DNA sequence: CTAATATATCTTGTATATCAGTTATATTAT
DNA sequence: ATAATATAACTGATATACAAGATATATTAG
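Structural data, given as structure tokens:
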């Protein structure tokens, strides 16, 4: 690690000591052209400060560590993190686009309230996407892939037995991701993830129901069973059943924490499909 | 417009001429607290420079005015537009998140190539979302709403007769937006719009087929007819048919413009649902 | 003439400074 | 005391400056 520097220094000194490029016209270089270098093809390099701050805030907001309405100050975060406002700002802009923060110019930035109207729509959208996904997965699945799914379900069972809620949640996400992967529709799972953000926030408000995790495991097992048999319609039906289980009546929580929500819809005025 | 300034000036001068707050302890104010002012509740105010630049670039990229690979220079755009790099940069960051530009640190920024893998998935996702949407719309639609849909179809017919492709496209988007609105699932249409971005770019590569617009009008009419009859299954089937019409074989265009695409998938390895 | 190399100039990422609009508080007027 | 008002200190939006890495080109070596 020391040698290159020394070598470079040496070369540089050597060059300057011999006045070869003294007093010449400044070198010009074409600008705004597509570079042919290698960097362009190196799959995305290091995480920027923006990325780091985005991940931090995203996690805190979705997990409800930062509840809706919490003020966010570019300046204060910059001081806390020992960096400048710019990367913080860029992270906040990303979160704004995901409706996770609300920015009011010249006034303040706040953790976004949950738009009530988004919740039923998110459930419906996710269902539409994942039913399509599991249909494709049923057509594509190989025996080894079915075994992988069963392994994931077993992991969930273990997490449940240990009472590891966090680990269970991760395994649950992995399961849905793998179904999408098998169905050759990973983009649909990305979409579903994006769409269920506000629902995830909401669910962090509610207490985990007794036996919920065990039920999820059973539902997943039923889905895999249908996939294994190649029974497309059954797989779709089981997935639909699985995702319908998420439809809590959130009216209660909206009433106990009204300040967490944007009351942008009448509870009677939601789609039923 | 002149009076307030004068008045303000007058007041200010009057105050300073009388030394009332001379040499006092600096006023302190609590920071990082939620403001109770009105700005927070004023629905988003003026478009920022970032927004303007975003719209400009977004339009140019989706319409293929800027083809994939085109270099984008923060500095040059800033000079052209007579503003600083900051708003440009923020706009570009948004576009990066939508996969419309590719940024390579310290090297360059380019209009993104179209990821081939995204195209079939986008069509599938859109279909899933819009079938769900039209199902809900069929359940919800009032007679007046059906008439509105028919009015929109008529507008498309007119645009077709005049050969106004651009206007036709806008009316087409309005039609799908209205179906979603009627079905009380506007968020699903927003999702569909987001997801079909790359497909829209691709379609700008292809020549408009003879009679395509007329066919679209017919398909729309069939959908509305089913909605009017309250025939849910028929409405879904017609929508599915309508959106299946978009599945061009893009292999040809991928071959003639390989530099426009990210070849991230084998053409045989795509989901079929 | 050809290939290797060094480096000036390009790029985006980050830091800092300024601008303009908002809001809490000290002051004033009643 | 209470309400109105002026204004200091806050906010995010924009501009500018600097840092660090990538690349094209002039130079050099063969």
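Protein chains in written order, with the working numbering: chain A, 191 to 463; chain B, 191 to 463.
Think of the CB as a built atom: it goes at the ideal place given N, C-alpha and C, for glycine as much as any other residue.
Source: prediction; values computed, not measured.
Check, Outcome
"Within chain B, the residues that residue 374 of chain A reaches when beta carbons sit closer than 7 angstroms", "459, 460 and 461"
"Contacts around residue 420 of chain B, its chain only, beta-carbon distance under 7 angstroms, and the 5 residues preceding and following it disregarded", "328"
"Secondary structure of residue 406 of chain B, DSSP reduced to three states", "helix"
"For residue 373 of chain A and residue 442 of chain A, the rounded distance between their alpha carbons", "37 angstroms"
"Which of helix, strand or coil DSSP assigns to residue 423 of chain B", "helix"
"Where residue 389 of chain B sits in the DSSP three-state scheme", "helix"
"Integer Cβ distance of residue 275 of chain B from residue 268 of chain B, believed to fall under 8 angstroms", "5 angstroms"
"Sub-8 angstroms separation of residue 313 of chain B and residue 437 of chain B beta-carbons", "yes"
"Closer than 8 angstroms to chain A by CB, residue 377 of chain B", "yes"
"Secondary structure of residue 304 of chain B, DSSP reduced to three states", "strand"
"Below-8 angstroms beta-carbon distance, residue 440 of chain B vs any chain A residue", "no"
"Interface residues of chain B facing residue 385 of chain A [CB-CB closer than 7 angstroms]", "381"
"Inter-residue CB distance, residue 458 of chain A and residue 406 of chain A (contact presumed, cutoff 8 angstroms)", "Not a contact, Cβ separation roughly 30 angstroms."
"Chain-order list of residues whose beta-carbon lies under 7 angstroms from that of residue 201 of chain A (same chain, five-residue window excluded)", "Residue placement at residue 201 of chain A cannot be trusted, given a pLDDT of 34 that sits under 50; what the coordinates show is reported in the next sentence. No residues qualify anywhere along the chain."
"Straight-line gap, residue 353 of chain A to residue 360 of chain B (C-alpha atoms, nearest Å)", "53 angstroms"
"For residue 341 of chain A and residue 294 of chain A, the rounded distance between their alpha carbons", "47 angstroms"
"Min CB distance residue 326 of chain A to chain B below 8 angstroms", "yes"
"Chain A contact for residue 287 of chain B (CB, 8 angstroms cutoff)", "yes"
"Under the three-state DSSP convention, the category residue 299 of chain B falls into", "strand"
"For residue 452 of chain B, the three-state DSSP class (helix, strand or coil)", "strand"
"Inter-stretch contact at 8 angstroms, needing at least 3 Cβ pairs: the region 331-345 of chain B / the region 408-416 of chain A", "no"
"Any chain A beta carbon closer than 8 angstroms to residue 318 of chain B", "yes"
"Neighbour-count burial assignment, residue 307 of chain A, 16 or more Cβ in a 10 Å radius", "buried"
"Proximity of residue 289 of chain A and residue 277 of chain A at Cβ, strictly below 8 angstroms", "no"
"Same chain, Cβ closer than 7 angstroms to residue 303 of chain B, five either side skipped, listed in chain order", "258, 259, 450, 451 and 452"
"Residue 429 of chain B to residue 356 of chain B span [Cα, whole Å]", "22 angstroms"
"Beta-carbon neighbours of residue 284 of chain B, restricted to chain A and to distances below 7 angstroms", "287"
"Span separating the alpha-carbon of residue 401 of chain B from that of residue 350 of chain B", "9 angstroms"
"Residue 471 of chain A versus residue 272 of chain A - alpha carbon distance", "Summary: the structure shown does not reach residue 471 of chain A, with chain A confined to residues 191 through 463, and so no result is reported for it."
"Segment limits, alpha helix (DSSP H) that includes residue 369 of chain B", "355-372"
"Cβ-based burial, residue 219 of chain B [other Cβ within 10 Å; buried from 16]", "exposed"
"Range covered by the alpha helix (DSSP H) that runs through residue 270 of chain A", "264-271"
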